[in-house]
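Asker:
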Amino acid sequence: MICRIFGKTGLKVSELGFGCMRLPLVRADVKSQYGHEEIDVPKTTEILHWAIDNGVNYIDTAYSYNNGNSELVLGQILKGGYREKVYLADKLPSWMVQTREDMDRLLNESLKRLQTDYIDFYLVHAVNILFWPNLVKNGLFEFLDSALADGRIHYAGFSFHDDLGLFKEVVDSYPWSFCQIQYNYLDENYQAGKAGLEYAVDRGLGVVIMEPMRGGRLASNIPPDVHQLWEQSEIKRSPPEWALRFLWDHPGISVVLSGMNEMEQVKENVRIAGQAHPNTLTIAEKALIDKVKAIYHSRMKVNCTACRYCMPCPAGVNIPNCFAMFNNAHMMDDIPTFQTSYNIQIGSDHNASNCIECGHCEELCPQGIPIREMLKETTRLFT
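Residues in the sequence shown are numbered from 19 upward in steps of one, following the numbering used here.
1) So, is lysine 109 buried or exposed, given that buried needs 16 or more other C-beta atoms within 10 angstroms?
2) Excluding the 5 residues flanking serine 359 on each side, which residues of the same chain have their C-beta closer than 7 Å to its C-beta?
3) Judging by CA-CA distance, which residue of Leu162, His378, Arg235, Phe341 is the nearest neighbour of glutamine 363?
4) Count the other CB atoms within 10 Å of the CB of arginine 123; is the residue buried (16 or more) or exposed (fewer)?
5) Which value, in whole angstroms, describes the spacing of the CA atoms of isoleucine 199 and glycine 377?
6) If you run the structure through DSSP and keep just helix, strand and coil, what is aspartate 163?
7) Expressed to the nearest angstrom, what Euclidean distance is found between the alpha-carbon atoms of isoleucine 353 and glycine 234?
8) Which first and last residues belong to the beta strand (DSSP E) in which serine 177 is found?
9) Please return the same chain residues whose Cβ sits closer than 8 Å to the Cβ of glycine 53, not counting the five positions on each side in sequence.
10) Flag this pair as touching only if the stretch 268-280 and the stretch 209-226 have three or more C-beta atom pairs under 8 Å; answer yes or no.
11) If you follow the beta strand (DSSP E) that aspartate 370 is part of, which residue opens it and which one closes it?
12) Take the Cβ of glutamine 209 as the centre, count every other Cβ of all protein chains shown within 10 Å, and call the residue buried at 16 or more, exposed below.
13) Indicate the three-state DSSP secondary structure (helix, strand or coil) for methionine 228 in the structure shown.
14) Which residues share a DSSP beta bridge with aspartate 78?
15) Taking the beta carbon of histidine 143 as the centre, do at least 16 other beta carbons fall within 10 Å, making it buried, or is it exposed?
16) Enumerate in chain order the residues of its own chain whose CB-to-CB distance from lysine 61 is below 7 Å, with the five nearest sequence positions on each side excluded.
17) Can you find at least 3 beta carbon pairs, one from the stretch 153-160 and one from the stretch 61-72, that sit closer than 8 Å?
18) Three or more C-beta pairs under 8 Å: does that hold for the stretch 130-143 against the stretch 96-110?
19) Which same chain residues end up closer than 7 Å to leucine 182 when comparing Cβ atoms and leaving out the 5 residues on each side of it in sequence?
20) Taking DSSP as the reference, what is the three-state secondary structure of glutamine 101?
21) Compare the Cα-Cα distances from lysine 30 to each of Glu286, Arg289, Ser272, Lys304 and report the closest residue.
22) Taking just the CA atoms, how far does glycine 175 sit from asparagine 72?
23) Quick check on alanine 144: does DSSP put it in helix, strand or coil?
24) Smallest Cα separation from isoleucine 313: which of Met349, Val320, Asn336?
25) Using a 10 Å radius around the Cβ and a threshold of 16 neighbouring Cβ atoms, would you call arginine 232 buried or exposed?
26) What does the alpha-carbon distance come out to for the pair glutamate 33 and alanine 291?
27) Between the Cα of threonine 117 and those of Asn152, His67, Lys26, spot the shortest distance and give me the residue it belongs to.
28) Report the start-end ranges of each beta strand (DSSP E) in the stretch 179-238 that is 3 residues or longer and not cut off at the edges.
29) Please report the distance separating the alpha-carbon of proline 230 from that of cysteine 373.
30) Contact check, tyrosine 203 vs isoleucine 307 under 8 Å by CB: the rounded distance?
31) Would the beta-carbon of alanine 237 fall within 8 Å of that of alanine 261?
32) According to DSSP, is arginine 326 helix, strand or coil?
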């Protein structure tokens with residue numbers, strides 16, 4: 019297993035992290051946004067122990083995963099010496115914070131579930147424009163200082179779901195040790211994106227990557243034309259390996275999280291992580307990835323570059339984010355998943371249905387997009 023220095027912490031972390039949002043389930047036919055609470059504990063124990071025994075030392079969970087049962091199961095699995103072998107990452111559920119006292123209560127509940135006295139890497143979960151002002155107003159920074167001082171957490175970070183401007187604001191607001199962003203070869207200009215990744219690296223933050231496969235959509239059900247391109251490579255690799263190697267080629271990325279729920283997945287990813295050093299993709303391999311990206315992007319319905327000249331919208335519509343969800347649903351041919359993301363991440367106050375058709379955005383759009391009509395299309399698709 020290749021390890022990397024985790025930003026300014028100086029710690030060595032495995033470049034493959036075990037994401038515990040999609041743990042194996044007792045009933046595989048039951049599905050929800052975060053998975054059913056009936057986690058298959060024996061199976062999870064087997065694959066997690068194997069991963070740790072073979073070099074994975076970064077384990078990521080959250081207060082909300084599997085309705086809290088991800089933490090409970092990990093607390094059981096990491097007994098018997100395994101807790102001491104790993105760095106444990108957990109998260110403060112931003113949307114549940116109403117007071118300063120809530121932060122302490124939620125952290126203490128996580129510690130109890132996990133049966134541990136401390137969390138190595140503690141993240142403020144899902145930072146976005148809806149949650150961030152409330153967190154700051156209620157004393158987030160004082161809470162983090164307190165939890166670091168009393169040893170309940172060892173390093174503070176945040177996971178992020180919004181645009182680049184807010185990302186830079188958050189990075190600069192506190193002496194964070196690390197951050198977690200969504201990033202893959204299709205999301206170089208989505209949310210924090212590549213610019214945010216490099217901004218964080220320049221400031222000494224460790225960078226954790228989530229959704230390296232876009233929820234599995236870059237790993238399975240591959241379109242025939244994309245599959246044909248992958249087959250053109252002299253070195254034969256599976257679609258998941260291409261996605262992982264794209265990320266590990268970047269020297270600034272510390273950890274790539276994978277939500278592994280089958281032993282076969284764990285063994286394959288550990289194998290790849292034992293070979294994938296930074297700056298090793300060839301020019302031809304990078305060109306091939308660019309061709310694959312072009313095919314996916316050709317399915318986009320709105321030519322929005324997220325330049326944000328259309329913002330702010332007088333009616334509060336988050337136009338770039340609405341179009342990003344609309345494009346993703348078509349690009350990945352997965353409307354139900356992005357409908358859920360649309361409702362959660364954008365919210366009722368900022369979605370496309372709030373458009374009052376004033377036309378101000380269209381006067382400012384350098385791409386000449388018929389924004390009003392496309393917002394109607396977005397509303398029809400997602401509601």
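We put the beta carbon where it would ideally sit given N, CA and C, even for glycine.
Answerer: From the atom records:
1) Position 91 of the sequence shown, counted from the first residue, corresponds to residue 109. Result: buried.
2) Position 341 of the sequence shown, counting from 1, holds the residue named residue 359. Hits under 7 Å: Met343.
3) Counting from 1 along the sequence shown, the entry for residue 363 is found at position 345. Looking at Leu162, His378, Arg235, Phe341, the one whose alpha-carbon comes closest to that of glutamine 363 is Phe341.
4) Walking along the sequence shown from the start, residue 123 turns up at place 105. Answer is exposed; the Cβ neighbour count stays below 16.
5) Against the sequence shown, residue 199 aligns to sequence position 181. Against the sequence shown, residue 377 aligns to sequence position 359. If you draw a straight line from the Cα of isoleucine 199 to the Cα of glycine 377, it is about 33 Å long.
6) In the sequence shown, counting from the first residue as 1, residue 163 sits at position 145. Aspartate 163: helix per DSSP, three-state reduction.
7) Position 335 of the sequence shown holds residue 353. Position 216 of the sequence shown holds residue 234. Cα to Cα, the separation comes out at about 15 Å.
8) Numbered from its first residue, the sequence shown carries residue 177 at position 159. Serine 177 -> beta strand (DSSP E) spans 171-178.
9) Counting from 1 along the sequence shown, the entry for residue 53 is found at position 35. Reliability fails at glycine 53, whose pLDDT of 40 lies under 50, so the model's placement of it is uncertain and no value is given.
10) yes
11) For the purposes of this step, residue 370 is identified with residue 352 of the sequence shown, where counting begins at 1. The residue asked about is misnamed: residue 370 is alanine in this sequence, not aspartate. Where alanine 370 is concerned, there is no enclosing beta strand (DSSP E), because DSSP gives it neither an H nor an E.
12) As a first step, residue 209 must be located in the sequence shown, where it is residue number 191. Buried, since its Cβ has 16 or more Cβ neighbours within 10 Å.
13) Sequence index remark: in the sequence shown, residue 228 carries index 210 (1-based). Strand at methionine 228.
14) Locating residue 78 in the sequence shown gives position 60, counting from the first residue. The secondary-structure analysis by DSSP pairs aspartate 78 across a beta bridge with Gly37, Ala107.
15) On the sequence shown, position 125 is the one that residue 143 refers to. Buried, by the Cβ-count rule.
16) As a first step, residue 61 is located in the sequence shown; it is residue number 43 there, counting from the start. Taken in chain order, the residues that qualify are Pro42.
17) no
18) yes
19) Within the sequence shown, residue 182 is the residue found at index 164, counting from 1. So the list reads Ala210, Gly211, Ala213, Gly214, once near-sequence residues are dropped.
20) The residue labelled residue 101 in the question sits at position 83 within the sequence shown. The identity of residue 101 in the sequence shown is arginine, whereas the question assumes glutamine. In the three-state reduction of the DSSP assignment, arginine 101 falls in the helix class.
21) Counting from 1 along the sequence shown, the entry for residue 30 is found at position 12. Out of Glu286, Arg289, Ser272, Lys304, Ser272 has the C-alpha closest to the C-alpha of lysine 30.
22) Translated into the one-based positions of the sequence shown, residue 72 becomes position 54. Translated into the one-based positions of the sequence shown, residue 175 becomes position 157. Taking the straight line from one Cα to the other gives about 26 Å.
23) As a position in the sequence shown, residue 144 is number 126, starting the count at 1. Of the three classes helix, strand and coil, the one that applies to alanine 144 here is strand, per DSSP.
24) In the sequence shown, residue 313 corresponds to position 295, counting from 1. Selected option, being the one with the closest Cα: Met349.
25) Here residue 232 refers to the residue found at position 214 of the sequence shown. That one is buried.
26) By 1-based counting over the sequence shown, the position of residue 33 is 15. By 1-based counting over the sequence shown, the position of residue 291 is 273. Rounded to the nearest angstrom, the two C-alpha atoms are 7 Å apart.
27) For the purposes of this step, residue 117 is taken as the residue at position 99 of the sequence shown. Out of Asn152, His67, Lys26, Asn152 has the C-alpha closest to the C-alpha of threonine 117.
28) Counting whole runs of 3 or more residues, the stretch 179-238 contains the beta strand (DSSP E) stretches 196-200, 224-228.
29) Looking up residue 230 in the sequence shown gives position 212. Looking up residue 373 in the sequence shown gives position 355. Spanning the two alpha carbons is a distance of roughly 33 Å.
30) Stepping through the sequence shown from its first residue, residue 203 is reached at position 185. Stepping through the sequence shown from its first residue, residue 307 is reached at position 289. That pair is a contact at about 6 Å.
31) Locating residue 237 in the sequence shown gives position 219, counting from the first residue. Locating residue 261 in the sequence shown gives position 243, counting from the first residue. Cβ distance < 8 Å, so alanine 237 and alanine 261 count as in contact.
32) Here residue 326 refers to the residue found at position 308 of the sequence shown. In this structure, arginine 326 counts as coil in the three-state DSSP scheme.
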